[in-house]
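**Q** Take this structure first; my questions come after.
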Amino acid sequence: MQQALLAQKQAKPVPPLYSEKGKLVYTPDQSGNRIPDFSYCGYKASEQPIPTVDVKVTVPAKPGDATARIQAAIDHVSKLPLDANGFRGAVLLLPGRHEVLGQLRIAASGVVLRGSGVKNTTLVGAGTGRLALIKIVGKNTISKELSGLKITDAYVPVNAMSFHVDQINIKDHSNKIIIRRPSTSNWINLLGTDHFGGGITALGWKPGEKDLFFDRSITKVEGNTVYIDAPITTALDTTYGGASVYFYNNDGRINNCGVENIQLVSTYNQSNPKDEDHRWNAINIENAEDCWVRQITFQHFAGSAVSVLETSKRITVEDCISLAPVSEIGGQRRYTFLTTGQQTLFQRCYAEYGYHDFAVGFCAAGPNAFVQCESILPYSFSGAIDSWASGVLFDVVNVDGNALRFGNRYQDANGAGWAAANSVFWNCSAARIDCYKPPTAQNWAFGSWSQFAGDGYWNESNNSITPRSLYYAQLRERINKNIEAQAQIMDVPTEASSSPSVDVAQALTKEASKPRLQLKQWIEQAATRTKISVAYNNVKTIDEVGVQQKPKPTLAPALQIKNGVLVRGDELVTGKRISVQWWSGGLQPKDIKDARPHITRFVPGRTGKGLTDDLNEVVTEMKATNNVAIEHNYGLWYDRRRDDHERIRRMDGEVWPPFYELPFARSGKETAWDGLSKYDLTKYNLFYWSRLKQFADLADQNGLILMHQNYFQHNIIEAGAHYADFPWRTANNINNTGFVEPVNYAGDKRIFYAEQFYDLSNPIRKELHKKYIRQCLSNFKDNSGVIQLISEEYTGPLHFVKFWLDVIREWEKETGKHPLIALSVTKDVQDSILSMPAYAAVVDIIDIRYWHYQADGTAYAPKGGENLAPRQHARLLKPKKTSFEQVYRAVKEYRTKYPTKAVIYSGDSYPEFSMASFMAGGSMPVLPGNMDATLLKAAVGMKPVTSTTANEYILSDGKNSIVYNSETRKLEKR
1 MQQALLAQKQ
11 AKPVPPLYSE
21 KGKLVYTPDQ
31 SGNRIPDFSY
41 CGYKASEQPI
51 PTVDVKVTVP
61 AKPGDATARI
71 QAAIDHVSKL
81 PLDANGFRGA
91 VLLLPGRHEV
101 LGQLRIAASG
111 VVLRGSGVKN
121 TTLVGAGTGR
131 LALIKIVGKN
141 TISKELSGLK
151 ITDAYVPVNA
161 MSFHVDQINI
171 KDHSNKIIIR
181 RPSTSNWINL
191 LGTDHFGGGI
201 TALGWKPGEK
211 DLFFDRSITK
221 VEGNTVYIDA
231 PITTALDTTY
241 GGASVYFYNN
251 DGRINNCGVE
261 NIQLVSTYNQ
271 SNPKDEDHRW
281 NAINIENAED
291 CWVRQITFQH
301 FAGSAVSVLE
311 TSKRITVEDC
321 ISLAPVSEIG
331 GQRRYTFLTT
341 GQQTLFQRCY
351 AEYGYHDFAV
361 GFCAAGPNAF
371 VQCESILPYS
381 FSGAIDSWAS
391 GVLFDVVNVD
401 GNALRFGNRY
411 QDANGAGWAA
421 ANSVFWNCSA
431 ARIDCYKPPT
441 AQNWAFGSWS
451 QFAGDGYWNE
461 SNNSITPRSL
471 YYAQLRERIN
481 KNIEAQAQIM
491 DVPTEASSSP
501 SVDVAQALTK
511 EASKPRLQLK
521 QWIEQAATRT
531 KISVAYNNVK
541 TIDEVGVQQK
551 PKPTLAPALQ
561 IKNGVLVRGD
571 ELVTGKRISV
581 QWWSGGLQPK
591 DIKDARPHIT
601 RFVPGRTGKG
611 LTDDLNEVVT
621 EMKATNNVAI
631 EHNYGLWYDR
641 RRDDHERIRR
651 MDGEVWPPFY
661 ELPFARSGKE
671 TAWDGLSKYD
681 LTKYNLFYWS
691 RLKQFADLAD
701 QNGLILMHQN
711 YFQHNIIEAG
721 AHYADFPWRT
731 ANNINNTGFV
741 EPVNYAGDKR
751 IFYAEQFYDL
761 SNPIRKELHK
771 KYIRQCLSNF
781 KDNSGVIQLI
791 SEEYTGPLHF
801 VKFWLDVIRE
811 WEKETGKHPL
821 IALSVTKDVQ
831 DSILSMPAYA
841 AVVDIIDIRY
851 WHYQADGTAY
861 APKGGENLAP
871 RQHARLLKPK
881 KTSFEQVYRA
891 VKEYRTKYPT
901 KAVIYSGDSY
911 PEFSMASFMA
921 GGSMPVLPGN
931 MDATLLKAAV
941 GMKPVTSTTA
951 NEYILSDGKN
961 SIVYNSETRK
971 LEKR
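Counting from 1, one number per residue, gives the positions in the sequence shown under full-length UniProt numbering.
Structure (structure tokens):
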């Protein structure tokens, strides 16, 4: 009894944050950690209002594609000098509809793109491309100045704005720093994120993969104490590796840019409610700081209204509305307002029918804030969606019909694990709020209205608390100014007393009959509260300034066969080949570092190596590294979840990027095995085919080659997972392809569907094959640098090759076009086709790939049509390695027998014995990149000649010779 009375008398724990006499009071924990000051987010750290920049050029609305005219206006302003405030000027789009088929890029500091009002100016992202409509994008020219200074404090707590280092001389360096907080094995083990279940650790966190990088500026140095401009949001603890400081320069990062006062709309295929062949992102912000997006309405985008990437900081997005997105329902779609950057402020933003409407991504170091935002009937939660975003504030945020979440996502999002740390929900409501405490950190929820889950800190649940906005209370105290014009917090005008007086009850009853002011309406009224000037006295239009026309690209000489070899102009084509990834990948730095170029890989809103490749950069890299061709086949599966090689049907469409796009369009109907809609094999994925076409065009301009594998046999043989998401599978399309369902997996594991797939007795499948092969040809009808091959890994039957060639011959007859056709099959099928004049006439190139002469002179030549993959044949027949002599023999045999056809060697030990292929008259050998051009020209007119000297191989035209000694590896022209 006495103990109970003592317990009652014990003081209540002091909250980590409370308001007393209008002031915020913080209670740090025993290590000094406290709730972060989030008010450093936004343009100029919210210390200055967003300015209205003077108009320097206008763009009148005109019918047709306005891309060139608007971009010319942006480029015109980009060349003007910066004023004292760091601005060049604004481009004003005059009232009307401006249709853009391309992309608008703001790539210089001090440039603003402005409309004449949301109701007056509409910028339409037209066409079927997926490019972001607008990019604010600098150059990622970051360079570190030092290997790193060690922070000497044993522990730097959350919200710290200073620390000690082992040495410093600030005068010698930039004031810009990166603070790297490592992800160590002992920290990962403590979090429990090394393993998410099943005894399989592939998705578990690995040391060095979840490092945090705080991008800060030094404000002051006193001795060895460094003061910074924004707080640390994850503790720097020497128990878990401490932290290092790196000075850096990034002259390519741009600032003082904005997009404002306009409606952005994407066109889409209105016959498909889940169409994705249109714009995904409206605005991307990359390599930028102190920029803004404001007073914009977005409609019909598939991805994000605004995406702030990790190379950006101090960005404000305010008074924005996203309506009627159009896409599949699943991963990477409808992430409406998304940041992976730092010090990002989203305020007064509204979204309908999104997915993750308000989201913070991978290892976002923070702080980041969402203030007075609303999500209506989203398909998934808002909150932290990937690994360890720290210092996130959701302040007066309402999610109607779904959740707000700070917690452990475990294996979701490709092993996201703990997604939020040291983050706050303040005066939020949702169908459910998850607030969990990760080891070594905390998450807090104050004034929550919802169902509740989690062991984080909770206070005043089912109660509204003061101050109404934590963000603006913190900002007011920090800068000691009136910030009402910035805050624009929508008031709660009435009281919520449970015991009102009669007069109050009568007044509230009368008030209840009126519609309540909604946040969407409040945002729509923003133009009256914060007017953006559209004045433009004595300013020229872009048509008066002038629009430069881009020069038409020049073409390299056409790829053709001359004297039995592949040439462009009068020079033999040589060089290495790049094979695209079939599967695997991710968005983490380790994944990107190891990625190979890929033409049809897609990551929404992300461009670069391992992401959506910039094909111009790919071409530049190919030329620099002596690569002449890309061998392309469609992906083994679309979604990285299937990298687990399971055969299971997915329970949702939460697909993981990067996406390896497939040739066929989704139908928007029913549900395929991966949780997205089923395919329609009569319609084609416009992104996939346009990307291939774009590369083919670049190849023709730069003397490169696309080797286009029409099919990919890997889907129908070997592991059952290969077939699980295959578009031709009956369960995955709306075309009644007639393959056996449920799938009869051998041993409940393996797939043997090659015979069914190549069977042409089913009229529906036969017609689909025919239509598809014609698409493979038609897509490149005006390109010379495309070589068509039947399939990657083709070990199929003769009859399907004949069918393929029949369709090609028919198409050639109809169109008058003659694409380069390579016969890349098993030796028996190859020889059979070449023995039949009608079929041999369609073949231009013989590709020796699935057989070879072994070093002992015997042939390793698996038979076609035996329903075995190349490596399955190899396991049975155990092939021996070839040799220089035997590669020479193989190529020479076919060059001699079929002198008008080119021969490529792609088999065993390629490209090791490329010189053997070259000396035998083969095409596309891998020769040194600095090979004498006169030698390559001379080789075109030469044929192999037998030498009487050991190890000597000769090409000759009867007058001149090229001689190679395989022993000395000496090549000379005689």
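We put the CB at the ideal spot given by N, CA and C, even for glycine.
#1: Kindly identify the DSSP beta-bridge partner or partners of Y376.
#2: Look at the alpha carbon of P467 and the alpha carbon of Q295, and state the distance between them as a whole number of angstroms.
#3: Check M707 in the structure and name its three-state DSSP category.
#4: Within its chain, find whatever has a CB closer than 7 Å to the CB of A746; leave out the 5 residues flanking it on each side and keep chain order.
#5: Which one of G564, N627 and P862 has the shortest CA to CA distance from L820?
#6: By Cβ distance below 7 Å, which residues in the same chain neighbour G252 in space, the five residues on each side in sequence not counted?
#7: Taking the C-alpha atoms as reference points, what is the distance between A380 and F800?
#8: Find the nearest neighbour of F757 within the set V740, K749 and I329, judged by alpha-carbon distance.
#9: Looking at the structure shown, is residue 975 part of a helix, part of a strand, or coil, going by DSSP?
#10: Tell me whether P589 sits in a helix, a strand or coil according to DSSP, three-state version.
#11: Considering only DSSP beta bridges, list what V165 is partnered with.
#12: Can you tell me which of the three DSSP states G415 falls into?
#13: Select from S143, I218, D194 and V619 the residue whose C-alpha is nearest the C-alpha of K176.
#14: Keeping to the same chain, check which residues put their C-beta closer than 6 Å to that of G110; ignore five residues upstream and five downstream.
#15: Give me the Cα-Cα distance between G796 and G865, rounded to the nearest whole angstrom.
#16: Just list the residues that DSSP pairs R105 with in beta bridges.
#17: At what residues does the alpha helix (DSSP H) containing P837 begin and finish?
#18: Per the DSSP calculation, D395 is bridged to which residue(s)?
#19: For a test of the three-state rule: what should DSSP assign to I285, helix, strand or coil?
#20: In terms of residues, what are the limits of the alpha helix (DSSP H) holding P15?
#21: Taking only three categories from DSSP, how would you classify V492?
#22: Can you give me the Cβ contacts of K881 inside the same chain, cut-off strictly under 8 Å, excluding the 5 residues immediately before and after it?
#23: Does the Cβ of D748 lie closer than 7 Å to at least one heavy atom of the ligand GTP?
#24: Note down the Cα distance separating D211 from A324, rounded to an integer number of angstroms.
#25: Leaving out five residues before and five after T530 in sequence, what residues of the same chain have Cβ atoms less than 6 Å from its Cβ?
#26: Any idea if H300 is buried or exposed, counting beta-carbon neighbours within 10 angstroms, 16 or more meaning buried?
#27: Which term fits I764, buried or exposed, when burial requires 16 or more other beta carbons within 10 angstroms of its beta carbon?
#28: Would you kindly check if the distance between the Cβ of V308 and the Cβ of T339 is under 8 Å?
#29: Measuring only the C-alpha atoms, how far is P553 from T122?
#30: Would you kindly work out how many angstroms separate the C-alpha atoms of L5 and G42, rounded to a whole number?
#31: Along the beta strand (DSSP E) that carries A665, what are the first and last residues, could you check?
#32: Exposed or buried, which one is H645 when buried takes at least 16 other CB atoms within 10 Å?
#33: Can you tell which of E912, Q48, R774 and W804 has its C-alpha closest to the C-alpha of R314?
#34: Determine the closest residue to Q694 out of A419, D613, D643 and P658, with distance taken between C-alpha atoms.
#35: Measuring CB atoms only, is the segment 184-197 touching the segment 257-267, in the sense that at least three cross pairs come out at less than 8 Å?
#36: If I'm right that residue 975 touches N633 with Cβ under 8 Å, what's the distance once you round it to whole angstroms?
**A** According to the structure data:
#1: The displayed chain sequence assigns Ile, not Tyr, to residue 376. DSSP lists E352 and D400 as partners of I376.
#2: Rounded to whole angstroms, P467 to Q295 spans 26 Å at the Cα level.
#3: In the three-state DSSP reduction, M707 falls in the strand class (E or B).
#4: Answer for A746: F752, listed in chain order.
#5: Taking only the C-alpha atoms, the option nearest L820 is G564.
#6: Only G138, K139, N140, T141 and N287 meet the Cβ criterion.
#7: Per the sequence shown, the amino acid found at residue 380 is Ser instead of Ala. Taking the straight line from one Cα to the other gives about 45 Å.
#8: With distances taken between Cα atoms, F757 lies closest to V740.
#9: In the structure as shown, the chain starts at 1 and stops at 974, and residue 975 therefore has no counterpart that could be examined.
#10: P589 carries a helical assignment under DSSP once its states are collapsed to helix, strand and coil.
#11: Answer by DSSP bridge pairing, in chain order: I151.
#12: Correct three-state label for G415: helix.
#13: Looking at the Cα atoms, I218 is the closest of the given residues.
#14: Counting only residues of its own chain and dropping the five nearest sequence neighbours on each side, G110 has a CB closer than 6 Å to the CB of L82, G86, F87, R88 and N256.
#15: The alpha-carbon atoms of G796 and G865 are separated by roughly 4 Å.
#16: According to DSSP, which records beta bridges pairwise, R105 is partnered with K135.
#17: Start and end: P837 to A840.
#18: The partner list for D395 (beta bridge, DSSP) reads V371 and W426.
#19: Annotated three-state conformation of I285 is strand, per DSSP.
#20: Membership of P15 in any alpha helix (DSSP H) is not indicated, and neither H nor E is assigned to it by DSSP.
#21: Coil, per DSSP.
#22: The residues are Q854, A855, D908 and S909.
#23: This structure simply doesn't include the ligand GTP, nor any ligand for that matter.
#24: Taking the Cα positions, D211 is about 37 Å away from A324.
#25: Short of 6 Å from the beta carbon of T530, and not among the five residues preceding or following it, lies no beta carbon of its own chain.
#26: By the beta-carbon neighbour count (other beta carbons within 10 angstroms, threshold 16), H300 is buried.
#27: With fewer than 16 other Cβ atoms within 10 Å, it is exposed.
#28: A contact, by the Cβ cut-off of 8 Å.
#29: Cα-Cα distance, rounded: 32 Å.
#30: Any answer about L5 is weak, because its pLDDT of 47 lies below 50 and its placement is not dependable; what the coordinates show is given next. When only Cα atoms are considered, L5 and G42 end up about 50 Å apart.
#31: Run containing A665: F664 to R666, per the beta strand (DSSP E) assignment.
#32: Per the 10 Å Cβ criterion, exposed.
#33: Closest by alpha carbon: Q48.
#34: It is D613 whose Cα lies nearest to the Cα of Q694.
#35: Touching, no, given that fewer than three Cβ pairs across the two stretches are closer than 8 Å.
#36: Nothing about residue 975 can be reported from this structure: the residues present for the chain run from 1 to 974 only.
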